[in-house]
Structure formats: structure tokens, C-alpha cells
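Structure, as C-alpha cells:
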């Protein structure tokens, strides 16, 4: 059978973005964060083609689109499919709650053209995991002819969707939430270089484990991926590295919510170390861990040897009462400094998440806590989030059950917009506290402190801090977008606007684009000059190598009575008392 007589089946994978406040999709010429959903689904699609799941006479083809860095043109995709005569499946993949409305708006266009459309991701899976019935937005999408996929697509589940789409009989819902697959030996997650070139530094991603044992009430992962962790094997990670090395890709974001709790961490890191040190592969890693990772002997050192350059830490808060309110009891503020200093010692840049709006927060306490972090924790980057009841979390379910106000616009559920009310702050105070947190932590005074801490370690670290700092400040200060959904050079298209927003006149849209581009260039030049001036000032300081401050000081018992982080609240004092008791018991056990 020649290719001329083969039928074609096209799988179009689209990772959608969300709308900004003016109704335009947030799209960049180059984006910061790669889509792991696209990477995994593309690998599974390759496997389906190789296994000929639609029979030997059907040629399976596929395309991937990450809307964060490429404009999606449904009309052109539809025309191409119609012209080729292929049967097709449109997959809106990895759709989070804030991207769901955009995914449905795109999906409707394909469904109206008679094509099979399916949406998967955390919003659909989280709603099925936590709610007694499907919410209206999912039901409405199904009525529009869009199917839903909940759970994970490994172990042949994508085969079923392909066959149903090929036969023209997609089910309204594919629910695999009660059967989470093993990951070892699954098809290699991979995206081709052509797609990765639209990511900064051609960054790609993969996961080595899914699931989390903790019970944080604001988290969706434990309810979507389960509390029982599942892992890929060392052979799997080697295959991922080798496949990407063939196309010149060497920067990886390991998307595991908490790699430090991966039971296979040592075997996985040993294989990565072997690939770097014995096989000569050149690659770098960005990973995510918890605040107790340093308690696992050898973990941080091996992460560094395996190529870890940046680590994201779920710090969340420095008030133990706030952490307890969210069942985040595994975070112990008495361990923060030791953990951060250990990463610094091993030349890894630290980047933490911090939540604004816990029950005990006030505008004044948040301002105080940010100052404490600046002065007493050796942390390079801090990313702020509103406490948000994400669909799929226990917080969301509880607030829904209690009839508590939550904004109905899913587009705002991105952790960067306030979507509910706070018991101790007005809406305006909460918004202002969030804005002030960014301003204070990334103030020019603290920028100088960060450069001094970096130069005290190495000139290379200082250059890295300069690069990342500029990215953060440009996206947050100038583009008014959170760095985690940021990129380089924002793109807007007049025809692509959220339903309900009128298309703007070309005489208004394009002059405004030119005006704002000019303003942004000016602001960037001014910011670059300010930050670079501070950098050069520190670089020329002959004493830069000997700089030290409270945050860089070695952990000691005296700090528990001298540092504000341990004395600011009764909860902090209680955390110190618990640590001292635990240490005393440990010493007694060792002596006995």
C-alpha cells in the first residue's frame, strides 16, 4: 500500500493562553515557560503512529502549537485540513482554569466546522475530582460539540480517543481519574526543535514523577495527580536527554511539583550525573522542591552535579499560623535559612513562591514579612501569588459548599488576580498589598543587595542574577504580566479578541500599539540603565568578595532570639520551641 492510497488522520495539539484585561490573548514572540502537556502528548502521539493504532493504511500526522508564543488561526488550520481531505482531532491540551474560556472559544470554531474537538487538563480533571457534578462551563462546552478528557493519557488511552475521532463518534467525556497510570517505560516526552525555538533558550520540559503526598488545601495537584507518587525510570530520563541532545536541546524544566519527594530521586540523579560526567552530555536543569529537601542526605549536592542551575521552592509564607491554615505543616520556617544556604553553597539560584492573602495576613503584616525575607533569607527571586480557590482544590470545594463569593470569570483564576474577598483586608487593601510586595522585594535598594550577595559568591552568579532580574522586572513592571506567563516582545492581533469585546478600529488599535511600543522601549532602556548602573557599582567595589550580611550568616542557635523571622509572631516563637525540643531529643538519642 503506497502513501498515495493511505488515508490521513491529523492530530492538532494546542496549548492555549488566556486573555488579558482588554480581551487580547497573551502571546509573545518568545515565551519563558515551556508546555509540558504538549511535550507529553507529542510523545504519546509519536508512539500511536509507530504502533499504527488506526491500522496500517492510515497515516497519523500531528502538529503542536503553544499559543503563548504563536498565533492560533483556526480558519487556516481548518482550511488546511479540509484541503488535505484528512480526518482530524483537535486537542486543547493542558488547559488550566484560567485558560478554559480561551480553549472553548477556539474549540467552538473547530467544532462548528465539523471537526472532532477535545479539551483536557487541570480544569476538567480538577472539577471531576472534587465536584459532585460538572460545572456549567463544561456542560456548555459539551453542548457545543466539544468533548472532555479527565486524567492522564498514557497506557493506550490516547488510542481510544484517536479511534473514536477517526470514526466520528467522540464521547462527551473520557474519565480516567480513578485509574492513574504508572510512568516507567512510557513513551518518551519530546517536542521538536522547530517548536522549542519559540521558547527562551529553547527550554523544554519533562516530568519524572506525578502526584504529591502532602495535603495543602490550595493545591490541585494532589486531587488531579493523586497523593500516591508515580515515577519514570533512569532509562526513561536517559532516553529523554539523548533524544533532545540529537536536536541540540539542553535546558530542561523538570515539572514535578516536588522532585525532592520522588522516591527514585537518587537513581535518577545518578543517571543524569553519569550522562554529564562520563558521557559528556551538556545540559542544565530547573527543578521544583519543598523546603525540607536539604534534610535528605546528598540530595542538593547531587542535584548540582546533575546540572541543576535554578530551583523553585514552595516557600509560600513565613508565618507558621498561615501555613497551618492551609495544611502546609511540612513547611518549617526554622529550616528555611539552612536550606537556602545549602543551595547557594552548591551554586544553584533559588526562586520561591510566596502567597499573599492567608487568613492572618494584613497589609501591614505582609509589608513586614517582605522586609524580613529581604534582610534575613538568602533568596534570589520571589514570585508572589494571590491565595486563590482554584477549581480542583479543597479550598474551592469548601468555598463552593459554603456559598462564599468567588468571581465567575475563570480567566482570572491564574493566581495573579484576586477572585474572592479577604476576612481582614478590603479588596483594595489586598490588591495594594500584592502590588507592594512586588515593588518592595524588587526595589532598586534590594537589587543592589542581591548583586552584592551574588558577587560575594562568584562573578558568574552575578551575571545570571542580572539576566533573570531584568526578565522579571521587564515583564512585571513594564508589561504588567506575571513572570510565569511572561516572554519577550508582546504580540497583539486586532482580530483576536475575547467574545463580548468589540473589535477596535484600525485607526485606534495600530496607533495605540505604536505608542505603547515606544513607551515600553523607553521604560526598558531606563530600567536597563538603572539596574546596569547598580551592577557596575558593585562590580567595581574592591571589597565585593568579602561582602556579608545577616541572610548570608551561617545558621546558629543565637539567631532564634535575634532574627525577626523567629520572633515576629506567636506562631514563629512556637516553631522555634518545637525545633529546639526536637533537636534536644535527637541529641539525647544520639548520646544514648
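In my numbering, the protein residues as written are 7 to 598. All C-beta atoms in this analysis are idealised placements derived from N, C-alpha and C, irrespective of residue type, glycine included.
Its chain contains 450 as the residues whose beta carbon lies nearer than 7 Å to that of residue 536, once the 5 sequence neighbours on both sides are disregarded; these appear in chain order. Counting along the chain, residue 568 sits inside the alpha helix (DSSP H) bounded by residues 565-568. Apart from sequence neighbours up to five positions away, the residues of its chain that approach residue 26 with a beta-carbon distance below 6 Å are 32, ordered along the chain. Assignment of residue 34 by DSSP, reduced to helix, strand and coil, places it in the strand class. Put simply, of 215, 376, 266, 412 the residue whose alpha carbon is nearest the alpha carbon of residue 393 is 412.
In the three-state reduction of the DSSP assignment, residue 92 falls in the coil class.
Less than 8 Å separates the beta-carbon of residue 358 from that of residue 385. The Cβ-Cβ distance between residue 310 and residue 354 falls below 8 Å. Remark: C-beta atoms of residue 68 and residue 102 do not approach each other more closely than 8 Å.
No Cβ-Cβ contact shorter than 8 Å links residue 217 with residue 248. Here the alpha carbon of residue 182 sits roughly 45 Å from the alpha carbon of residue 446. The C-alpha of residue 222 lies about 46 Å from the C-alpha of residue 546.
By the C-beta criterion, the stretch 312-326 is judged to be in contact with the stretch 274-285, since at least 3 inter-stretch pairs fall below 8 Å. When the five nearest sequence neighbours on each side are left out, the beta carbons in the same chain lying within less than 7 Å of the beta carbon of residue 90 are those of 14, in order along the chain. Annotation: the continuous alpha helix (DSSP H) that includes residue 49 extends over 42-57. In the structure shown, residue 574 falls within a coil segment according to DSSP collapsed to helix, strand and coil. Across the structure, residue 587 and residue 338 are spaced so that their CA atoms are roughly 14 Å apart. Between residue 436 and the set 491, 227, 99, 372, the nearest pair of CA atoms involves 372. For the stretch 263-326, the continuous alpha helix (DSSP H) assignments of 4+ residues that do not extend past its boundaries occur at 271-283, 305-311, in sequence order. At a Cβ-Cβ threshold of 8 Å, residue 302 and residue 266 count as neighbours. With respect to the 8 Å criterion, residue 262 and residue 215 are classified as neighbours on the basis of their beta carbons.
For residue 101, there is no enclosing beta strand (DSSP E), as DSSP gives it neither H nor E. Selection 573, 478, 576, 142 evaluated against residue 38 yields 478 as nearest (Cα-Cα). In the pairwise beta carbon analysis, the stretch 125-140 is classified as not touching the stretch 187-202: fewer than three pairs are separated by under 8 Å. By the C-beta density criterion, residue 205 is buried, having at least 16 other C-beta atoms within 10 angstroms. Comparing alpha-carbon positions, the option among 367, 415, 298 lying closest to residue 443 turns out to be 367. Here residue 494 is near residue 36, since their CB atoms are less than 8 Å apart.
A residue is called buried once 16 or more other Cβ atoms fall within 10 Å of its Cβ, and residue 418 is buried on that count. Contact between residue 84 and residue 116 holds, with the beta-carbon distance rounding to 7 Å and staying under 8 Å. Going by beta carbons, residue 150 and residue 125 fall outside the 8 Å limit. The C-alpha of residue 40 is placed about 10 Å away from the C-alpha of residue 201.
Listed in chain order, the alpha helix (DSSP H) elements of length 4 or more contained wholly in the stretch 436-488 are 450-463, 465-479.
Burial is judged here by how many other beta carbons sit within 10 angstroms of a residue's own beta carbon; residue 516 has fewer than 16 and is exposed. Counting the other CB atoms within 10 Å of its CB gives residue 562 a total below 16, which places it among the exposed residues. A straight-line Cα-Cα distance of about 8 Å links residue 213 and residue 238.
Inter-residue distance for residue 395 and residue 346 is about 29 Å (C-alpha atoms, whole angstroms).
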